[in-house]
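When we follow the numbering used here, the leftmost residue of the sequence shown carries the number 46, and every step to the right adds one.
Cβ atoms here follow ideal geometry from the backbone N, Cα and C, with glycine treated the same way.
Data block below; observations after.
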Amino acid sequence: MREQQVDDDDADGRGHGVPKGAASRTDGTARSVGVRDVAAHAGVSLGTVSNVLNNPDRVGPATRERVESAMRSLGFVPSRAAGQLRSRRSELIGLVVPDVGNPFWASVLRGVETVADEAGLTMVIGSTHQDPERQEHLLRVLKSQGVDGLVIAPIVDRAADWAPFEDRRFGVVTLERQGADSTGAWVSLDNVEGARLAMSHLLDHGHRRIALVNGPASVSWCAERRAGVVLALAEHGLEARDVVVDVEVCDLTVDEGAAAIAPLLDSRSVTAVMCVNDMLALGALLAMQERGLRVPQDVALIGYDDADFAPALNPSLSTVRQPSFEMGVAAARLLLRADGRDPGEHVEFEPQLVVRSSTAQVTPAGV
């Protein structure tokens, strides 16, 4: 299976130099080679060239070879768009996620890829990097490429942005959230329950000064995880304002995690840190180790996602496991059975607390 990565040059239609399948005009600019050029070069009609492209069995071997030779000589590349107009399908599916470099989303990608591979489809992949304008940009690109369907983890609640894909061959499946006016299928994780499990684990171990390193509240799953934290506190008879120090980051990366938690570590203001993904938790762990703080004796740490690296850290990272690969598989299967699924069909996966070495009972000095 082939994969295509959406980049800015592709998106803007720019390239470098004269592309294959282009001829030079007398003014030095590029002119695309068309079927008329091939027909003239081979000495055949336009209909014969069309048959070679679309119905080669109707053309005699000698004539077909002459036309194909002309195509090779001229560097002619058949238009994908023209083929799509004839067949009404591109065999492409789009995948838009926050960051394909994040282990969680990379695992989701592998799940989608597994199903797409079985179906002989090509994926066109893009990362929004939590930027609403980039999300719009990527969707415009995918629309222009004529993808047959879309799997998207949107960062803003604007179903109108992906509505143009709903009448495509496979339609749209959303991940993690659904626009208020969406009618398509979606796959989600119980973020409230996952965060409740993580915070309850820290509270059960006596922690009462806890930093919550979270993304923007405008991102639905970040808001849901904060709601799970509040729920856990309420179950323990506590108020968020008395226990939690909210730390918001713009990007959910290792560097952001390290920078965000540094002031609280320097002031020894908290006994535990909860991060809404494992990349932030890795950054927090590095910041703790740089300051000579012992984990979990001085500061406990819990992440979210159960990334592949989590058990390999020292100490191994307590976290919340999400079935990311299975989520990708479910989304792709929903997408490909567009005719057989119920409108608005929803699949939700349950999280699981994974306790490792980075969390422990609060020490007397930290109470």
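Inter-residue CB distance, residue 294 and residue 257 (contact presumed, cutoff 8 Å): Numbered from its first residue, the sequence shown carries residue 294 at position 249. Numbered from its first residue, the sequence shown carries residue 257 at position 212. About 11 Å; that fails the 8 Å criterion.
Looking only at its own chain, which residues have a Cβ that is under 8 Å from the Cβ of residue 192, when we skip the five neighbours before and after it? Working through the sequence shown from its first residue, we reach residue 192 at position 147. Within the same chain, residue 192 has close Cβ partners 135, 137, 138, 139, 169, 210 and 213.
Residue 399 versus residue 196: straight-line alpha-carbon distance, rounded: For the purposes of this step, residue 399 is identified with residue 354 of the sequence shown, where counting begins at 1. For the purposes of this step, residue 196 is identified with residue 151 of the sequence shown, where counting begins at 1. The alpha-carbon atoms of residue 399 and residue 196 are separated by roughly 28 Å.
Which partner residues of residue 346 appear in the DSSP bridge assignment? For the purposes of this step, residue 346 is taken as the residue at position 301 of the sequence shown. Looking at the DSSP assignment, residue 346 forms a beta bridge with 318.
What residue ranges within the region 97 to 181 form continuous alpha helix (DSSP H) runs of no fewer than 4 residues, ordered along the chain? 106 to 119, 125 to 132 and 148 to 164
Between residue 321 and residue 373, how many whole angstroms is the CB-CB distance? I'm expecting something under 8 Å. Locating residue 321 in the sequence shown gives position 276, where the first residue counts as 1. Locating residue 373 in the sequence shown gives position 328, where the first residue counts as 1. That pair is no contact at about 20 Å.
DSSP-derived helix/strand/coil call for residue 85: Here residue 85 refers to the residue found at position 40 when the sequence shown is read from its first residue. Helix at residue 85.
Sort 365, 189 and 329 by Cα distance to residue 306 and report the nearest one. Counting from 1 along the sequence shown, the entry for residue 306 is found at position 261. Nearest C-alpha to residue 306: 329.
Residue 245: first and last residue of the uninterrupted beta strand (DSSP E) it sits in: Taking the first residue of the sequence shown as position 1, residue 245 is located at position 200. Premise fails: residue 245 lies in the alpha helix (DSSP H), 236 to 249, not in any beta strand (DSSP E).
Comparing C-alpha positions only, which one of 288, 118, 149 and 201 sits nearest to residue 85? The residue labelled residue 85 in the question sits at position 40 within the sequence shown. Comparing Cα-Cα distances from residue 85 to each of 288, 118, 149 and 201, the minimum goes to 118.
From the DSSP output, which residues share a beta bridge with residue 366? Along the sequence shown, read from residue 1 onward, the residue named residue 366 stands at position 321. Residue 366 pairs with 350 and 397.
Would you call residue 413 buried or exposed, if buried means 16 or more other Cβ atoms sit within 10 Å of its Cβ? Within the shown structure, residues of the chain are numbered from 46 to 412, placing residue 413 beyond reach of any answer.
Could you please give me the residues that DSSP links to residue 218 through a beta bridge? Here residue 218 refers to the residue found at position 173 of the sequence shown. In DSSP, residue 218 forms a bridge with 196 and 230.
Note the first and the last residue of the continuous beta strand (DSSP E) segment covering residue 258. The count along the sequence shown starts at 1 and reaches residue 258 at position 213. Residue 258 -> beta strand (DSSP E) spans 255 to 259.
Quick check: residue 185 and residue 407, are their CB atoms within less than 9 Å of each other? Looking up residue 185 in the sequence shown gives position 140. Looking up residue 407 in the sequence shown gives position 362. No.
Give the secondary structure of residue 292 by DSSP, where H, G and I count as helix, E and B as strand, and everything else as coil. The residue given as residue 292 occupies position 247 in the sequence shown. Reduced to three states, the DSSP call for residue 292 is strand.
Can you check which of these residues, 297, 275 and 289, is closest to residue 264 by C-alpha distance? By one-based count along the sequence shown, residue 264 stands at place 219. Checking every option, the nearest Cα to that of residue 264 belongs to 297.
Pull up the distance between the alpha-carbon of residue 174 and that of residue 104, whole angstroms please. Taking the first residue of the sequence shown as position 1, residue 174 is located at position 129. Taking the first residue of the sequence shown as position 1, residue 104 is located at position 59. Answer to the nearest angstrom: the Cα atoms are 50 Å apart.
Residue 340 in three-state terms, based on DSSP: For the purposes of this step, residue 340 is identified with residue 295 of the sequence shown, where counting begins at 1. Correct three-state label for residue 340: coil.
Taking Cβ positions, are residue 172 and residue 202 nearer each other than 9 Å? Locating residue 172 in the sequence shown gives position 127, counting from the first residue. Locating residue 202 in the sequence shown gives position 157, counting from the first residue. No, Cβ-Cβ distance for residue 172 and residue 202 is not below 9 Å.
Local conformation of residue 57 per DSSP, three classes: Working through the sequence shown from its first residue, we reach residue 57 at position 12. A caution first: residue 57 carries a pLDDT of 41, below 50, which makes its placement in the model too unreliable to give a value.
Excluding the 5 residues flanking residue 215 on each side, which residues of the same chain have their C-beta closer than 7 Å to its C-beta? Numbered from its first residue, the sequence shown carries residue 215 at position 170. So the list reads 138, 193, 194, 380, 381 and 383, once near-sequence residues are dropped.
Tell me which residues share the same chain as residue 177 and place their Cβ nearer than 6 Å to its Cβ, disregarding the 5 neighbours each side in the sequence. Along the sequence shown, read from residue 1 onward, the residue named residue 177 stands at position 132. The answer, listed in chain order, is 201.
Identity of the residue in 289, 310 and 315 nearest residue 335 by Cα: By one-based count along the sequence shown, residue 335 stands at place 290. Among 289, 310 and 315, the Cα nearest to that of residue 335 belongs to 310.
In three-state DSSP terms, what is residue 407? Locating residue 407 in the sequence shown gives position 362, counting from the first residue. Reduced to three states, the DSSP call for residue 407 is coil.
Cutting at 8 Å between CB atoms, please list the residues of its own chain near residue 290, excluding the five before and the five after it. For this step, residue 290 is matched to residue 245 along the sequence shown. Cβ within range, chain order: 254, 255, 256, 257, 309, 314 and 315.
Residue range of the unbroken alpha helix (DSSP H) whose run includes residue 334: Counting from one through the sequence shown, the residue named residue 334 turns up at place 289. Taken as a continuous stretch (DSSP letters only), the alpha helix (DSSP H) holding residue 334 covers 323 to 335.
If the criterion is Cβ atoms closer than 9 Å, does the pair residue 78 and residue 120 meet it? Numbered from its first residue, the sequence shown carries residue 78 at position 33. Numbered from its first residue, the sequence shown carries residue 120 at position 75. A contact, by the Cβ cut-off of 9 Å.
Is the beta carbon of residue 357 sitting closer than 9 Å to the one on residue 323? Numbered from 1 along the sequence shown, position 312 holds the residue referred to as residue 357. Numbered from 1 along the sequence shown, position 278 holds the residue referred to as residue 323. Contact: no.
In this structure, does DSSP put residue 78 in helix, strand or coil? Locating residue 78 in the sequence shown gives position 33, where the first residue counts as 1. Coil at residue 78, not helix or strand.
Between which two residues does the alpha helix (DSSP H) carrying residue 271 extend? As a working note, residue 271 is residue 226 in the sequence shown. Segment 265 to 280, the alpha helix (DSSP H) holding residue 271.
Where residue 180 and residue 251 are concerned, what is the direct C-alpha to C-alpha distance, given to the nearest angstrom? Reading the sequence shown from its first residue, position 135 is the one you call residue 180. Reading the sequence shown from its first residue, position 206 is the one you call residue 251. Roughly 42 Å separates the two Cα atoms.
DSSP three-state call for residue 201: helix, strand or coil? What you label residue 201 is simply residue 156 of the sequence shown in a count that begins at 1. Coil.
Does the beta-carbon of residue 262 have 16 or more other beta-carbons within 10 angstroms, so that it is buried, or is it exposed? Residue mapping note: residue 262 aligns to position 217 of the sequence shown, counting from 1. It counts as exposed.
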